[in-house]
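S.K.:
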Amino acid sequence: MRVPGGRLRAVFVASFAAVILVTSVGPAVVVAHDPPGIDRFLRALGSVESGGDYYALNSTTGAYGKYQIMPSNWPAWALKYLGDAYAPQTPTNQEIVAHGKAHDLYHWLESWRRVAYWWLTGSSQTSGWSTYATSYVNRIMSLYATYAETSVGSTRYGEGNAAIAYSGTWVDAGHRSYAGGNARQSKQSGASATFAFTGSRVVWYGPKGPTRGKAKIYLNGVYRKTVDLYAASYSPRNAIFSIGWTSSTKGGLRIVVGGTAGRPVVAIDEFVVSD
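With my numbering applied, the sequence shown has no gaps in its numbers, which climb one by one up to 761 at the end.
#1: Taking the alpha helix (DSSP H) that Pro693 falls in, what are its first and last residues?
#2: Can you find the residues in the same chain that come closer than 8 Å, C-beta to C-beta, to Ala665, ignoring five residues on each side of it along the sequence?
#3: Touching or not, the region 699-709 and the region 726-745, by the rule of three or more beta carbon pairs under 8 Å?
#4: Per DSSP, what kind of secondary structure is Ser734 in: helix, strand or coil?
#5: Could you have a look at Gly667 and say whether DSSP puts it in helix, strand or coil?
#6: Pairs of beta-carbons, one from the region 671-688 and one from the region 728-735, closer than 8 Å: are there three or more?
#7: Heavy atom of the ligand NAP less than 6 Å from the Cβ of Pro577, yes or no?
#8: Given this structure, state the Cα-to-Cα distance separating Asp761 from Ser640, to the nearest angstrom.
#9: Tell me the rounded alpha-carbon separation between Thr680 and Ser628.
#10: Put Leu715 into one of helix, strand or coil per three-state DSSP.
#11: Could you tell me the boundaries of the beta strand (DSSP E) in which Arg642 lies?
#12: Output the boundary residues of the beta strand (DSSP E) element that contains Ser653.
#13: Considering only their Cβ atoms, is the gap separating Gln671 from Val601 smaller than 7 Å?
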């Protein structure tokens, strides 16, 4: 949940400062280059804020969209980055506005951690963060680090992609830190998911936690290894298994649920394939 008071104070201060700058030193200098990792940061931010849902609405604060922008902020941000204070919050407009705001915040605050904190609170302070705010920032930065493995030239295949064939009983599970907000999981021993791909590297992403069990991995029908997804605390997104080649190849990656006693769950969040 956003902190409306903090956001409003930040908007007022920023607007007031902008007036002073324009009247005293003339037009502001525009920094053209994007800060490093901005696309990864926005992906992580959108995942934590809404699970990537462009139509998410916080009924308490009115925050809307993938990045949960406060209604009091949208007109000013839309005017600055779209040239129209009344521009609708379409998915495309949300991306343009969030990108522009994150760009400016990074060049002011100089770190993505501080940008994430500002997005929640509207504050630029560097210490005295609440437990909730610290957890929020840590979740974003954890996803940011994970997404570093998804480079340019990679393709993501979500749990519902037609390239994945399921057998046995699988059910959908939602979490806002999953890619796209959903994963597919099974606790049935022998249930399997087979992913057909073409590329030079493939990575399976999924959650770990105290209820998660073992899975056997086969590549092109040949057993490779057994992975254990147990962790003392829940972690929604992890690179569970990866394998690569020197050149692009066609293959089939099969994951078989082990049915581990007391903790049988195995989940597919997504596969990422490098060209």
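Even for Gly, the Cβ is constructed at its ideal location relative to N, Cα and C.
M.R.: Considering the structure as presented:
#1: Judged by DSSP secondary structure, Pro693 falls outside any alpha helix (DSSP H) and instead within the beta strand (DSSP E) spanning 678-694.
#2: Ser533, Gly538, Arg642, Gly644, Tyr691, Arg723, Asp755, Glu756
#3: yes
#4: strand
#5: helix
#6: yes
#7: Absence of the ligand NAP is noted for the structure shown, with no ligands found whatsoever.
#8: 6 Å
#9: The straight-line gap from Cα to Cα measures roughly 28 Å.
#10: coil
#11: Arg642 -> beta strand (DSSP E) spans 640-644.
#12: 650-653
#13: no
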